[in-house]
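Notes follow the structure.
Numbering (my numbering), first residue to last: 493 to 1149.
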């Protein structure tokens, strides 16, 4: 392969002026370890797991109520045991002073339902202490489950930290989820307390969720209490008022729990079956987010982190953890594109964001619409833009570089709910290559395997992790023998984590590209093709808003059918001329293998609520599966987005296998 185009070298002062540079200096001073650059540092971080993760513990001054016996009690996957003997509490580390004064702003909140709010560190700590006392008064204790049907607002943050401080277990769903999707998730963990809102405003539209809350309460028989968080219209009968929960003055407190004690349960999207209840522990999330937010994202006291997310996505947990390193966070609720595409850039200006996260689809839409955010807004404090959720094409890299220049690091990452962090990402010490993620994260032994399990470079393979990470799941809730967890990640390569992404590592640079989900790759004449490269070409055409491609295999050994679906811009028709343009673009930019057998227009491309395209559910529907068997409407960004494919499956004689 040719070496990709380098867009940005590490800044000349990166070793002196960044957190990861300070960490390298600390390693030299305290551990007598010297590294010439990121590659050497990463190699050590995965070869000497105990040395690396103990250095993270010490560098960030993790406060243990009881010390650990050793770093790794057991090393095998699944079942690795981290820091046995240690007790600590995640919430205590969020609220301890980390270079910020009590009166400094910890949280800035922007909403389309109400006016902006600010919380100082002192006010946040007081609210958490009051909520802790209130929850304890409702009978919540260690191991109990507290669930939230709440948006991304400060009240949600307070309730989460109060729950964690008690050693209780948190889980949340965004209020745009319907009752069925919420019950499918929360019923698995049998919660005792639910916090809920009656509704919210999305752009200019008021959304009433009182009927959904009533159905959720009925569908969760283990509930003992429901707390009404005032945000939308009206009241919730038979509930505890949030004001009563926070009524009394209270002293801060944090129950010491084992390193692997459950902190929260995150759920998979549930688009291809019942959502997986993924358990994350206090210690694993604490160490991973301290490492990630400081050494990759370069966040610290005085910084402000803005990343639009909902409470149903792991990025919400990552946003909250900005507080761990003393940064303040910007919480946003509402329509991210209202009143216009530049709204998030305007919020970044208003908040003085130093780190802004964005979905690649948002960045590409800004490029396509000709936005010039660095020119139109005062973003002079911005040092880094993070991008995650789907692959970012080379054109998106170049657009960000053209807009912001070398002074802003574009840090593209890929990870997942399963590890609640990035697996692949950049840092201030790594170059930025057009169209490529800079490399594996520190402490993450990520590589690509071919089908027999051999490590490969410069060709597409399965993304695997060959050594344990502290933030790998404790397990799945209710999976008493661990079989469901093993089947999900360790069924293909025993003892090695198979993440489910199709990736290519570039030998010359150590960078990589994610070509889509491995279960959605296209097997065309024996050659596997990633879906991301299709989208990069097709969505560059001005007539195309969005696209999705699937391959329907032929069980008799034939070539099958490669089908491209496109959502068109307003006023555009899919005629023969546009079909020819699409075909020519794919053939010239990629290869004849990439030319589809059919191109069909649909009203909207189906995505889940985190923005990922749903190739596999579409494929299953076209092969005859019932829509209800492959996806819950509550998990879809647009609940109607699969209807067109369901209609096509009944009207068109797709080859069944």
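From the three backbone atoms N, C-alpha and C, an ideal C-beta is built for every residue, glycine too.
Asked, Found
"Restricting to runs no shorter than 4 residues, where is the alpha helix (DSSP H) found entirely within the segment 854–896?", "865–868 and 886–896"
"Considering only the beta carbon of each residue, do residue 574 and residue 776 sit closer than 8 Å?", "yes"
"How far does the beta strand (DSSP E) with residue 661 in it reach, from first residue to last?", "661–665"
"Buried or exposed: residue 983, going by 16 or more other Cβ atoms within 10 Å of its Cβ?", "exposed"
"Output the distance between the C-alpha atoms of residue 722 and residue 750, rounded to the nearest integer angstrom.", "35 Å"
"May I ask you to list the residues that DSSP assigns as paired with residue 635?", "Residue 635 pairs with nothing; no bridge assigned."
"Would you say residue 1150 and residue 644 are within 8 Å of each other, going by their C-beta atoms?", "With the chain covering 493 to 1149 only, the question about residue 1150 has no answer from this structure."
"May I ask you to list the residues that DSSP assigns as paired with residue 697?", "694"
"Counting only C-beta atoms, is residue 708 closer than 8 Å to chain D at any point?", "Looking at the structure shown, chain D is missing, and only one protein chain is on hand."
"If you pair each beta-carbon of the segment 1096–1114 with each one of the segment 1125–1135, do three or more pairs fall below 8 Å?", "yes"
"Take the Cβ of residue 1073 as the centre, count every other Cβ of all protein chains shown within 10 Å, and call the residue buried at 16 or more, exposed below.", "exposed"
"Checking 8 Å against the spacing of the C-beta atoms, do residue 688 and residue 651 come in under that value?", "no"
"Looking only at its own chain, which residues have a Cβ that is under 6 Å from the Cβ of residue 525, when we skip the five neighbours before and after it?", "519"
"By the 10 Å Cβ neighbour count, where 16 or more other Cβ atoms means buried, how is residue 821 classified, buried or exposed?", "buried"
"Out of 1061, 1075, 1082 and 1076, state which residue places its alpha-carbon closest to the alpha-carbon of residue 1096.", "1061"
"Using three-state DSSP, classify residue 1112 as helix, strand or coil.", "helix"
"Three or more C-beta pairs closer than 8 Å, one from the segment 905–920 and one from the segment 1021–1033: is that the case here?", "no"
"Helix, strand or coil for residue 550 per DSSP?", "helix"
"Give a yes or no on whether the C-beta atoms belonging to residue 797 and residue 811 are separated by under 8 Å.", "yes"
"For residue 501, is the classification buried or exposed, using 16 other Cβ atoms within 10 angstroms of its Cβ as the cut-off for buried?", "exposed"
"Can you tell me the Cα-Cα spacing of residue 699 and residue 1058, whole angstroms?", "30 Å"
"I'd like to know if the segment 733–743 and the segment 609–626 are in contact, where contact means that at least 3 CB-CB pairs between them fall below 8 Å.", "yes"
"Express the C-alpha separation of residue 505 and residue 724 in angstroms, rounding to a whole number.", "48 Å"
"Do the segment 885–896 and the segment 912–932 touch if we need at least three Cβ pairs shorter than 8 Å?", "yes"
"Taking the beta strand (DSSP E) that residue 915 belongs to, which residues open and close that run?", "913–916"
"In the structure shown, what three-state DSSP assignment does residue 574 receive?", "strand"
"Assign residue 654 to one of two classes, buried (16 or more other C-beta atoms within 10 Å of its C-beta) or exposed (fewer than that).", "buried"
"Quick check: the Cα distance between residue 582 and residue 1109, rounded to an integer number of angstroms?", "37 Å"
"Put residue 768 into one of helix, strand or coil per three-state DSSP.", "coil"
"Can you give the Cα-Cα distance for residue 621 and residue 1088, rounded to whole angstroms?", "59 Å"
"Can you name, in chain order, every residue of its own chain whose Cβ lies under 6 Å from the Cβ of residue 560, other than the five neighbours on each side?", "575, 577 and 578"
"Could you spell out where the beta strand (DSSP E) holding residue 910 opens and where it closes?", "Neither: residue 910 is in no beta strand (DSSP E) and is coded neither H nor E."
"Measure the Cβ-Cβ separation of residue 799 and residue 849 and say whether it is below 8 Å.", "yes"
"So, residue 690 versus residue 674, is the Cβ gap smaller than 8 Å?", "no"
"From the DSSP output, in three-state form, read off residue 786 for me.", "helix"
"CA-CA distance, residue 1119 and residue 539?", "46 Å"
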